[in-house]
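Asks: In UniProt numbering, the protein residues as written are 27 to 427.
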Ligand code: ACO
């Protein structure tokens with residue numbers, strides 16, 4: 027629905043567009059999205075083809091630099107990343123200061139900002155080469171922070187990665203390797219992770235990406251912009267939905283699996299409950315990522331030999347919603363995160379880490395958008411408002427109020 031108000035101001039015409047539903051904030055050559063037709067492309071390549079044929083590091087390169095890398099470019103990119111994988115030991119003390127119960131998204135956002143203190147040269151990037159160094163640095167160090175965040179929760183030692191492994195496999199090892207066990211790669215798990223990360227890698231000007239671009243527009247630096255993006259992603263209306271979906275499915279299961287009861291709650295305007303994982307600001311027919319992920323969830327559970335009753339509940343809810351006029355009329359379809367949590371769970375990733383996995387996937391997209399914004403020389407983001415408060419009034423002394 028278009029609900030735009032306008033007002034003349036000193037600088038021209040100010041429009042009020044709640045939630046920026048109809049406002050374009052920039053021109054971008056990174057991600058194409060057609061919400062009516064359910065199309066998503068990174069740099070012109072369909073998400074379906076990328077999820078099937080590419081790996082996450084190739085997609086990261088594609089998003090950030092605009093083209094798929096050849097063997098040599100990919101090898102150099104990976105080797106540059108590996109050279110930067112050390113995280114200052116002092117960062118462990120910061121992590122130690124957090125209570126074990128701290129939400130991993132809050133920890134990760136704080137640690138990402140704290141990295142600046144140990145990598146000050148990544149702030150004032152005035153050339154493409156400075157930018158490149160800041161980019162490979164964060165692509166190297168962010169997975170270490172993710173792994174440490176999880177390992178601290180599990181009481182495991184804070185280790186570093188293994189340079190002999192692929193980018194995603196190394197992340198998996200850093201997260202899950204136990205001190206007394208030899209790490210064995212499970213191809214099914216690594217392939218599933220690769221796919222999930224690719225599907226989350228960019229989604230044009232969503233809430234967290236717009237945050238990254240707007241913070242970056244003040245030249246605050248890449249890491250500070252990313253830290254803000256992580257905070258934006260945390261919310262349950264955005265990336266936090268994947269955790270909320272799984273908690274909802276578990277609650278429905280614990281309550282006897284009565285999906286109809288929860289459908290009724292979601293439709294009741296006096297009940298704040300929403301069917302998490304349904305609806306999308308832009309997709310009004312279907313989310314192409316949800317289609318891919320639904321098939322992947324089936325495959326992963328099958329391959330790993332897991333019979334998860336939660337998958338049946340999810341499929342039941344989806345079927346009912348697709349036949350329900352409330353959901354059909356409002357064009358509410360499952361989004362990418364309706365099924366992602368089921369896969370994460372099957373891969374042994376704790377529920378609280380789901381949104382962190384989303385952040386890991388979105389990292390190249392945020393970087394690409396930040397880089398594009400800086401290379402375009404975009405001005406500082408500074409929206410206007412329409413003031414609706416009090417007119418001028420005299421100050422009243424405290425004893426007379
Ligand atoms: N369950 C029940 N009703 C819903 C849902 C839902 N999940 N989503 C939207 N609606 C209803 C709203 O109540 C509203 O109804 P009304 O017209 O009778 O008032 C109508 O559908 C339109 O909803 P809006 O909130 O105006 O749509 P908007 O585009 O602003 O929000 C959003 C999109 C935030 C994704 C919303 O659909 C939602 O809250 N979904 C659940 C959370 C979720 O899954 N978020 C993940 C998004 S995808 C991502 O970030 C990866």
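Just so it is clear, CB atoms sit at the ideal spot from N, CA and C, and this is done for glycine as well.
Can you give the beta carbon distance from residue 186 to residue 162, rounded, assuming they're within the 8 Å contact cut?
Replies: No, residue 186 and residue 162 are not in contact; Cβ-Cβ is about 16 Å, not under 8 Å.
Asks: What number of angstroms, rounded off, separates the C-alpha of residue 297 from the C-alpha of residue 287?
Replies: 12 Å
Asks: Out of 315, 367 and 198, state which residue places its alpha-carbon closest to the alpha-carbon of residue 268.
Replies: 367
Asks: Would residue 207 count as contacting chain C if we go by Cβ distances under 8 Å?
Replies: Included in the structure is just one protein chain, with no chain C present.
Asks: Could you say which of 381, 206 and 306 lies nearest to residue 273 if we only look at CA atoms?
Replies: 381
Asks: Excluding the 5 residues preceding and the 5 following residue 428 in the sequence, name in chain order all residues of the same chain whose CB lies nearer than 6 Å to its CB.
Replies: For the chain, the structure presents residues 27 to 427; residue 428 sits outside this window and is missing.
Asks: Since residue 226 contacts residue 384 with CB under 8 Å, what's their CB separation in whole angstroms?
Replies: 5 Å
Asks: Could you check the C-alpha separation between residue 147 and residue 155 for me, to the nearest Å?
Replies: Going by the C-alpha atoms only, they are around 12 Å apart.
Asks: Can you find the residues in the same chain that come closer than 6 Å, C-beta to C-beta, to residue 66, ignoring five residues on each side of it along the sequence?
Replies: 59, 73 and 314
Asks: Confirm the yes/no value for this check: CB of residue 399, any heavy atom of the ligand ACO, distance under 7 Å.
Replies: No; taking the cut-off as 7 Å, the Cβ of residue 399 has no heavy atom of the ligand ACO nearer than that.
Asks: Rounded to whole angstroms, what's the CA-CA distance from residue 331 to residue 212? Just pull it up for me.
Replies: As the crow flies, the alpha-carbon of residue 331 is around 13 Å from that of residue 212.
Asks: Give me the Cβ distance between residue 104 and residue 209, rounded to the nearest whole Å; I'm assuming they're in contact under 8 Å.
Replies: Their Cβ separation, rounded to whole angstroms, is 19 Å, which puts residue 104 and residue 209 out of contact at 8 Å.
Asks: Return the residue from the list 127, 141, 374 and 258 that minimises the CA-CA distance to residue 179.
Replies: Nearest of 127, 141, 374 and 258 to residue 179, Cα basis: 127.
Asks: Beta-carbon separation of residue 247 and residue 406 under 8 Å?
Replies: no
Asks: To the nearest angstrom, how far is it from the Cα of residue 327 to the Cα of residue 50?
Replies: 40 Å
Asks: Would residue 351 pass as a contact of residue 316 if the rule is Cβ separation under 8 Å?
Replies: no
Asks: Please write down, chain order preserved, every residue whose beta carbon lies under 6 Å from a heavy atom of the ligand ACO.
Replies: 45, 263, 264, 265, 267, 292, 300, 301, 302, 303, 304, 305, 306, 307, 356, 358, 361, 362 and 363
Asks: Determine, using beta-carbon pairs with one atom in the region 82-99 and one in the region 390-397, whether at least three such pairs fall under 8 Å.
Replies: yes
Asks: Give the secondary structure of residue 122 by DSSP, where H, G and I count as helix, E and B as strand, and everything else as coil.
Replies: helix
Asks: For the alpha helix (DSSP H) that contains residue 210, what are its first and last residues?
Replies: Premise fails: residue 210 is in no alpha helix (DSSP H) and is neither H nor E.
Asks: CA-CA distance, residue 44 and residue 363?
Replies: 24 Å
Asks: Can you tell me which of 378, 345, 36 and 308 puts its alpha carbon nearest to the alpha carbon of residue 61?
Replies: Minimum Cα distance to residue 61 is reached at 308.
Asks: Count the other CB atoms, across all protein chains shown, that sit within 10 Å of the CB of residue 347; report buried if there are 16 or more and exposed otherwise.
Replies: buried
Asks: Within this structure, are the beta carbons of residue 133 and residue 124 separated by less than 8 Å?
Replies: yes
Asks: Going by C-alpha distance, which of 418, 339, 422 and 54 is nearest residue 280?
Replies: 339
Asks: In the DSSP output, which residue or residues are listed as bridge partners for residue 68?
Replies: 57 and 71
Asks: Is residue 34 helix, strand or coil by DSSP?
Replies: strand
Asks: What residue from 230, 243 and 202 has the CA that sits closest to residue 69's CA?
Replies: Looking at 230, 243 and 202, the one whose alpha-carbon comes closest to that of residue 69 is 230.
Asks: Where does residue 195 land, buried or exposed, given buried means 16+ other C-beta within 10 angstroms?
Replies: buried
Asks: According to the Cβ coordinates, are residue 336 and residue 276 closer than 8 Å?
Replies: yes
Asks: Kindly identify the DSSP beta-bridge partner or partners of residue 304.
Replies: 360
Asks: Around the C-beta of residue 270, are 16 or more other C-beta atoms found within 10 angstroms, so that it is buried, or is it exposed?
Replies: buried
Asks: What do you reckon, are the CB atoms on residue 166 and residue 108 nearer than 8 Å?
Replies: yes
Asks: If contacts are defined as beta-carbon pairs under 8 Å, then residue 204 and residue 184 qualify, I think. What distance do you get, rounded to the angstrom?
Replies: With 8 Å as the limit, residue 204 and residue 184 do not qualify as a contact, their Cβ atoms being about 13 Å apart.
Asks: Ignoring anything shorter than 4 residues or poking outside the region 361-396, list the alpha helix (DSSP H) runs there in chain order.
Replies: Within the region 361-396, the complete alpha helix (DSSP H) runs of at least 4 residues fall at 363-372.
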